[in-house]
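Numbering (this note's numbering), first residue to last: 1 to 139. C-beta atoms are modelled at their ideal positions from N, C-alpha and C, and glycine is treated no differently.
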């Protein structure tokens, strides 16, 4: 397989990972808003909306984890002269915080924020590596 094709596959994998991370972040942000409203006495409808968003967020976080792992595999194919260290174990921790369980609404709000912070770090690192891959492809 030629280098250009490997780079394009890695870029596609980066784009897929970023898309899932962005969707997961959007869903977590939304469920966080519903969570605050729920804590202020939002009632049954708000609670149902919050739990629906959280279920969607869980699914998207799982897809994001899978996409980040796939990106890591694609990077191994193009490693070569580039320094593309992606510690997927560290980056995948964003979902562990969220999946730990639901103890209380206030605690869940904190977990949502921690998961969003982890997502931001993972997305930032993937964007950095993606930029390096694009430069390599253009050279």
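Would the stretch 63-75 and the stretch 11-26 be scored as touching if the rule is three or more Cβ pairs under 8 Å?
Counting Cβ pairs under 8 Å, three or more are found: they touch.
Using the rule of at least 16 other Cβ atoms within 10 Å of the residue's Cβ for burial, across every protein chain shown, is residue 31 buried or exposed?
Here the question's residue 31 lines up with position 31 in the chain shown. Buried, since its Cβ has 16 or more Cβ neighbours within 10 Å.
For residue 4, I'd like the list of residues in its chain whose CB is within less than 7 Å of its CB, leaving aside the five on either flank, ordered along the chain.
Position 4 of the chain shown, counted from the first residue, corresponds to residue 4. Excluding residues within five positions, the ones whose Cβ falls inside 7 Å are 137.
Quick one: what's got a C-beta closer than 7 Å to residue 119's C-beta in the same chain, skipping five residues either side?
Residue 119 sits at position 119 when you count from the first residue of the chain shown. For residue 119, where only same-chain residues beyond five positions count, the Cβ hits under 7 Å are 21, 24, 25 and 94.
Whole angstroms are fine: how far does the CA of residue 11 sit from the CA of residue 130?
The residue given as residue 130 occupies position 130 in the chain shown. The residue given as residue 11 occupies position 11 in the chain shown. The alpha-carbon atoms of residue 130 and residue 11 are separated by roughly 6 Å.
I think residue 127 touches residue 28, with their Cβ atoms under 8 Å apart; what is that distance to the nearest whole Å?
Your numbering for residue 127 matches position 127 in the chain shown. Your numbering for residue 28 matches position 28 in the chain shown. Actually they do not touch by this definition, with Cβ atoms about 19 Å apart.
Whole angstroms are fine: how far does the CA of residue 6 sit from the CA of residue 79?
Numbered from 1 along the chain shown, position 79 holds the residue referred to as residue 79. Numbered from 1 along the chain shown, position 6 holds the residue referred to as residue 6. Their Cα atoms are separated by approximately 10 Å.
With 16 other CB atoms within 10 Å as the buried threshold, where does residue 61 fall?
Here the question's residue 61 lines up with position 61 in the chain shown. Label assigned to residue 61: buried.
Count the other CB atoms within 10 Å of the CB of residue 45; is the residue buried (16 or more) or exposed (fewer)?
Counting from 1 along the chain shown, the entry for residue 45 is found at position 45. With fewer than 16 Cβ atoms within 10 Å of its Cβ, residue 45 is classed as exposed.
Just confirm the distance between the C-beta atoms of residue 13 and residue 74, as a whole number of angstroms; I'd bet it's less than 8 Å.
Residue 13 sits at position 13 when you count from the first residue of the chain shown. Residue 74 sits at position 74 when you count from the first residue of the chain shown. At roughly 4 Å, the Cβ-Cβ gap stays under 8 Å, so residue 13 and residue 74 are in contact.
Does residue 53 pass the burial test, meaning 16 or more other C-beta atoms within 10 Å, or should it be called exposed?
Your numbering for residue 53 matches position 53 in the chain shown. With 16 or more Cβ atoms within 10 Å of its Cβ, residue 53 is classed as buried.
Can residue 134 and residue 77 be called in contact, C-beta distance under 9 Å?
Counted from its first residue, the chain shown places residue 134 at position 134. Counted from its first residue, the chain shown places residue 77 at position 77. Cβ atoms of residue 134 and residue 77: not closer than 9 Å.
Skipping 5 residues on each side, what residues in its chain have a beta carbon closer than 6 Å to that of residue 112?
Here residue 112 refers to the residue found at position 112 when the chain shown is read from its first residue. Excluding residues within five positions, the ones whose Cβ falls inside 6 Å are 28 and 32.
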